[in-house]
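First the structure, in the form of structure tokens, and then the observations on it.
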Amino acid sequence: MKFRKLSAAFLVSLLQAPQLVAAALNATETDTQLVISNDRLYAAVQKKGGAIVKLTLDGTNLLGSPSGSTGIGPYLDCYCTPKGFWTPGSVAPKYKLFKGKDGKGKDYGGIVMSDTYTETGQVLEQYWFLRDGETGLHTFSRVAYHNEEQPFLRNLQELRTLFRPNNDMWTHLLTNTKQYAPLPGKEAKEKQVVVQDATWYLGNTPNDPYVKQEADYFTKYTFQDSWRDIDAYGLFADGSKTEDGDAYGAWLVMNTKDTYFGGPLHSDLVVDGILYNYISSNHHGDQTPNITNGFDRTFGPQYFHFNRFPGETDILKAQADAAQYADPEWNADFYDSIAKHVPNYVPTKSRGSFEVKVDLPKGAKNAIAVLAQSGVDFQDNVFDTKAYQYWANLDESGRATIPRVKSGTYRLTVYADNIFGQYTQDKVKIKAGKTEKKNVRWREESAGKELWRIGTPDKTSGEYRHGFEPDTSKPLQPEQYRIYWANWDFVKDFPEGVNFKVGESDVGKDLNYVHWSVFGGKGNSVRPEQYVGDGNVNNWTIAFDLKESQVKHKKHATFTVQLAGAKTAAGNTDIYNASEPHSNLKYTVNINGKDLEPWVIPYDHSSSCAVRSSVSCYNIAHKFEFDAKLLKKGDNEIILSLPYNATNYESAVLPTSVYVQYDALRLEVE
């Protein structure tokens, strides 16, 4: 049997770190710090600042040296005050230290930091718990606001916890098992060129591992992901830069998702050199809750997991070790045991379960059932700040079980790939200690005989050019949409504009993943001069042939446009600006020379999607209904139009063009 040799540094650290080995679980407090530790993991919260400033696994320092906002974490911050960002712990934090045994007799320790923003009285709290035998921190975050004199504060634009190391040991970052890459090296960062907000050109260092394997551009948005199937993501050290030569991982495990917002379509940053838990955010245009008098919500738990392996261990093995904990039933008994320390946490006794059997439409794939706030689209589940959210993928028979659902009233939503529309049912009641069972029949929405469809209704624009298609010029072959959008020059790809022939053209080549109004200009380092064109950018043409039998005796026609995202002049702000003519964006469809009534996409449905490396943001749809007499035997033409040269003011280095991203299109008659 071969035994791995312990490094000298590791042996010395054991001898010099009695806090790691003196007892199985310690929870101690000094004048300057609070510490929770077991025989492998050590975490110290600095009282001045409210953040973890020392975090070691088996004696190895995972954070490096604190310097400003680096070398610390997990810690909490927000964009939630009248002035914007605030890091609690910076005003007058108060602390509590916990130590106890859970229901299974395991020791645990915990720390809570609570701070109040003086001007408004809003309270932010961060909780860290460590359990004996585990190498991770269970975290909760709380926001509370009680102010009758100022009942409306603002929106909870960002709330996040961050693990922000300040050392060189970390070599890779991973979003999911398909999207991972080396971190850019020191020289690459020294020679980088800013091309867009939070986006850099690294091509000046062609031998950098990131450039060689992943892309010439680095943006934090390349590593964003949606919440639907995400389990564990993070930072990885392959051992090449660690003192002992071992591999290490730092992961955020989404073991629960019920206290987030936006349902399974919500997406955001996950890792970019910083490991994030983005609790509330609108980077991609998603809704965020308003902070009003009486707001009091605790988010979590989520689990920061840290692991260690022999050097040269594969990154996917380290990720899989973390992902095994991405289960809402994992450690549920432990969370019940610490519920007395965590305001608003819903224990098992206040939860039930949900079982559903769906008779799915023919052709449905990748189906999912969602429980969220009753009465609204799950993308808008921010209006009731007491409501939670849950989802589960349906199996091939249409069945799913959702455990540990907070008692209450929900909307059930079912959707699937290949199917237009979705099934919804309000007032689904979940009772504590009970299992609610539903059998539902769902059929695809229909407005008559389908003449054709373009694209796959899957709530993404990934099937179109530069979407999910891999970039084969790099060994890791990232999906093209993840790379800086300006790398895919629309004018070169479509010099004559988009002219798509139904039945002949290829959606993966002949339709772009973004429909721009203009292309180039601000935020585009490849084409810095804005290209407006002569109508060949903002207008797309769909040509199709019809037989006489397809239009004869038909009275009504319906053209459905499903969008995976739309950027109006409001960007991702959900704020109406009267000085911007395209805050509410007019989208026009022309049928054989006849303009239909425009679809006005409202400012609060706007997203910042493609330019932040996504093909799925706030989904919207519209049905254009018209007289079937506008259709004819033989050649027909539909023109999809955005306003010509439609732009907006951008304070950041971001493109000014409005745009839409198509999910799918369909023409029906009856």
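Residues -23 to -1, 1 to 647, numbered by mature numbering (1 follows the signal peptide of the UniProt record, and there is no 0), are exactly what the sequence shown covers, in order.
Built from N, CA and C at the ideal position, the CB exists for glycine as well.
Bear in mind the structure is a predicted one, so any value in this text is a computation, not a measurement.
Roughly how many angstroms separate the alpha carbons of residue i and residue j, rounded to a whole number?
i	j	result
S351	T412	18 Å
N358	T182	45 Å
A(-2)	D16	Caution is warranted here: a pLDDT of 41 is assigned to A(-2), below 50, making its placement in the model unreliable, and the coordinate value is therefore given only provisionally. One C-alpha to the other measures close to 8 Å.
G385	V335	22 Å
E126	D109	45 Å
T325	L642	44 Å
I460	T199	6 Å
F272	T362	7 Å
residue 658	N395	Any answer about residue 658 is impossible in this case: the structure gives the chain only from -23 up to 647.
P51	T97	25 Å
Y564	E627	21 Å
I88	L252	21 Å
Q453	A587	Sequence inspection shows Leu at residue 453; the Gln mentioned does not correspond to that position. Taking the straight line from one Cα to the other gives about 21 Å.
T37	W228	16 Å
Y244	D206	Strictly speaking, residue 244 in this sequence is Ser, with Tyr absent from that position. The alpha-carbon atoms of S244 and D206 are separated by roughly 11 Å.
N232	Q301	9 Å
Is residue i buried or exposed, if buried means 16 or more other CB atoms sit within 10 Å of its CB?
i	result
L293	exposed
S438	buried
I379	buried
T449	exposed
S327	exposed
H123	exposed
residue 692	Since the first and last residues shown for the chain are -23 and 647, residue 692 lies out of range.
K163	exposed
A224	buried
V635	buried
V475	buried
T95	exposed
A346	buried
A295	buried
Locate the alpha helix (DSSP H) running through residue i, then write down its first and last residues.
i	result
Y564	Here Y564 belongs to no alpha helix (DSSP H); instead the beta strand (DSSP E) covers L562 to I568.
Q356	Per DSSP, Q356 belongs to no alpha helix (DSSP H) and is neither H nor E.
Y312	A309 to I315
G485	V484 to D487
Y187	P186 to Q190
Give the DSSP bridge partners of residue i, in chain order.
i	result
H492	V637
P159	H149
T47	S44
N144	N144 pairs with nothing; no bridge assigned.
K31	A21
K71	S91
Q527	DSSP output for Q527 lists no bridge partner at all.
L642	I431 and V538
Y85	G77 and R108
W177	V171 and F195
Q402	L389
C55	W63 and L136
T37	L34
Q103	M90 and S118
For the beta strand (DSSP E) containing residue i, list its first residue and its last residue.
i	result
L139	E135 to R141
G61	G61 to W63
Q539	H533 to K544
P380	R376 to K383
A299	Counting along the chain, A299 falls outside any beta strand (DSSP E), though it belongs to the alpha helix (DSSP H) covering I292 to A300.
V577	W576 to I578
F467	First-last for F467: F467 to D470, but that is the alpha helix (DSSP H), not the beta strand (DSSP E).
V333	R328 to D336
P278	F272 to F286
H599	I597 to D604
G113	G113 to Y122
T412	T412 to R418
V475	V475 to K478
T236	No beta strand (DSSP E) contains T236, which DSSP labels as neither H nor E.
D612	G611 to S618
With a threshold of 7 Å (Cβ to nearest heavy atom), would residue i be considered close to the ligand ADP?
i	result
D581	Here there are no bound small molecules, and the ligand ADP is not part of this structure.
Less than 6 Å between C-beta atoms, sequence neighbours within five positions excluded: which residues of the same chain meet that for residue i?
i	result
R119	E102 and T275
H599	V538 and W576
L133	C57, S257, T265, P266 and I268
A629	D174
Q402	L389
I616	N516, T518 and N567
V637	H492, L540 and A543
Counting only the same chain and skipping the five closest in sequence on each side, list residues whose C-beta sits under 8 Å from that of residue i.
i	result
S585	H260, H261, G262, K544, G548, N549, C594 and L631
residue 648	Nothing about residue 648 can be reported from this structure: the residues present for the chain run from -23 to 647 only.
In chain order, what residues of the same chain lie with their CB nearer than 7 Å to the CB of residue i, ignoring the 5 residues before and after it?
i	result
H582	A543, Y595 and I597
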